[in-house]
Amino acid sequence: MKPLVEVSTHPPQEIGVTKVKRSQWSLILKSVRKDWQLYSFLLLPIIYLVIFKYIPMIGNIIAFRRFMPGGSIFGEEWVGLHYFKMFVQDATFWHVFNNTLMLSSLTLLFVFPAPIIIALLLNEIRSTKFKKFVQTTSYLPHFLSMVIISGMILQLSASNGAINALIQFFGGEQILFMQDPKWFRPIYIASEVWQTMGWGAILYLAALTNIDESLYEAAKMDGANRWKQTIHITIPGILPTIIVLLILNIGNLLAVGFEKILLIYNPLNYETSDVISTYLFRVGLQSSNFSYATAIGLFEAIIGLVLVYSANYFSKKFTDNGLW
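Counting from 2, one number per residue, gives the positions in the sequence shown under my numbering.
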């Protein structure tokens, strides 16, 4: 006998969630139909991402398959986690992993705050001409190619370079900077600060323009000096920008500057200069061990993903700012 009233087998809460999702999708579709001209601008970026970012991810499958040059691009046979076990047991990998962590930590400690400090200092300059001069000169290193930057580093730090000439002029002894492993990290960090601080300050200067001027006027009436205004108004005003860029930088923690290191390192300073990227280059391209190199790259990418999610979680929890 058919019941008089049909009873739904789904709980009321589940039905409510389904209705909300349907209504959201209908709103999105309605918006796309209405402003399809604007949404069409997304077409090329999406095609670019699909072709150059997502489709190449299929190649990660050779981390689990034995790849032979000249054979199938997806490998010849399944080997499971064989290549992951290889790098866990590889002493060289852990050495370059430690080097990468050390360089990344120093980069976060010294390179990341440099643009913030420059932006705050530029914000305090009242002379427009001097401000533009400082901005222009600090932007210039960003437009130099990595080959030129690396050439300058090698020339300046050479045994007969300008730095050694200056040291000897003041009575010091010649230093073989690129032959001594302990000098590699200071040279790399100093060059990164010089190259990136001016360009990185642009975002913070843009964020500074959004701070309400009435806050500064109110602070002056309360007797706050420039330092207190910076601490209580300027820094909180650009804090969301700082948090977002910090999370993005943490996500690239293991991807330190591959090009610059590859151009300036040598076997004499491998002890501190060899990082995951350069190790991948030697293992993957020079030794043609593509499966092993892919496994290391996948491991590096997973760590980066975990770091981004963790940094975003803690940022949302403690500052209410985050990427999503």
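All residues carry an ideal CB built from backbone N, CA and C; glycine is no exception.
Closest residue to residue i among the options (Cα-Cα distance)
i, options, result
"residue 134", "143, 123 and 235", "123"
"residue 81", "307, 292 and 309", "292"
"residue 307", "83, 129 and 249", "249"
"residue 219", "230, 210 and 45", "230"
"residue 322", "288, 237 and 273", "237"
"residue 140", "116, 214 and 200", "200"
"residue 113", "243, 167, 57 and 24", "243"
"residue 180", "56, 252, 118 and 265", "265"
"residue 126", "206, 85 and 59", "206"
"residue 117", "208, 314, 174 and 101", "208"
"residue 312", "247, 132 and 106", "247"
"residue 178", "33, 154 and 104", "154"
"residue 241", "41, 83, 77 and 320", "320"
"residue 73", "85, 50, 53 and 60", "60"
"residue 71", "31, 33 and 289", "289"
"residue 147", "194, 100 and 260", "260"
Which of helix, strand or coil DSSP assigns to residue i
i, result
"residue 168", "helix"
"residue 325", "coil"
"residue 174", "coil"
"residue 43", "helix"
"residue 144", "helix"
"residue 53", "helix"
"residue 5", "Unreliable positioning characterises residue 5 in this predicted model, as indicated by a pLDDT of 46, which lies under 50. The coordinate reading is nonetheless provided below. If DSSP states are grouped into helix, strand and coil, residue 5 belongs with coil."
For residue j and residue i, believed in contact at Cβ under 8 Å, the rounded distance
i, j, result
"residue 324", "residue 245", "6 Å"
"residue 212", "residue 235", "7 Å"
"residue 108", "residue 190", "7 Å"
"residue 196", "residue 143", "7 Å"
"residue 262", "residue 198", "That belief does not hold up - the Cβ atoms of residue 262 and residue 198 are roughly 19 Å apart, past 8 Å."
"residue 192", "residue 149", "Actually they do not touch by this definition, with Cβ atoms about 12 Å apart."
"residue 1", "residue 182", "This structure leaves residue 1 out entirely; the chain is present only between 2 and 325."
"residue 252", "residue 172", "At roughly 47 Å, the Cβ-Cβ gap does not stay under 8 Å, so residue 252 and residue 172 are not in contact."
"residue 53", "residue 63", "At roughly 18 Å, the Cβ-Cβ gap does not stay under 8 Å, so residue 53 and residue 63 are not in contact."
Contact between the stretch 156-175 and the stretch 211-223: three or more CB pairs below 8 Å? The way I'd put it, the stretch 156-175 doesn't touch the stretch 211-223; fewer than three beta-carbon pairs between them come closer than 8 Å.
Pick out the complete alpha helix (DSSP H) segments inside the stretch 108-134, 4 residues or longer, and give them in chain order. Taking only runs of at least 4 residues, the alpha helix (DSSP H) segments lying wholly in the stretch 108-134 are 114-125.
Using a Cβ distance threshold of 8 Å, determine whether the stretch 179-188 contacts the stretch 282-299, with at least three qualifying pairs required. Touching, no, given that fewer than three Cβ pairs across the two stretches are closer than 8 Å.
Could you tell me whether the stretch 253-264 touches the stretch 272-287, where touching means 3 or more Cβ pairs closer than 8 Å? Yes: at least three Cβ pairs fall under 8 Å.
Does the stretch 259-271 come close enough to the stretch 66-73 that 3 or more CB-CB pairs lie under 8 Å? No, the stretch 66-73 does not touch the stretch 259-271.
My parser needs the alpha helix (DSSP H) runs of 4 or more residues fully inside the stretch 243-321; what are they? Every unbroken stretch of the alpha helix (DSSP H) spanning 4 or more residues and falling wholly within the stretch 243-321 is given here in chain order: 259-265, 271-274, 277-281 and 291-320.
At 4 residues or longer, what runs of the alpha helix (DSSP H) sit wholly inside the stretch 151-227? Listed in chain order, the complete alpha helix (DSSP H) runs (minimum 4 residues) inside the stretch 151-227 are 163-170, 185-209 and 214-222.
Pick out the complete alpha helix (DSSP H) segments inside the stretch 67-113, 4 residues or longer, and give them in chain order. Listed in chain order, the complete alpha helix (DSSP H) runs (minimum 4 residues) inside the stretch 67-113 are 83-89 and 92-107.
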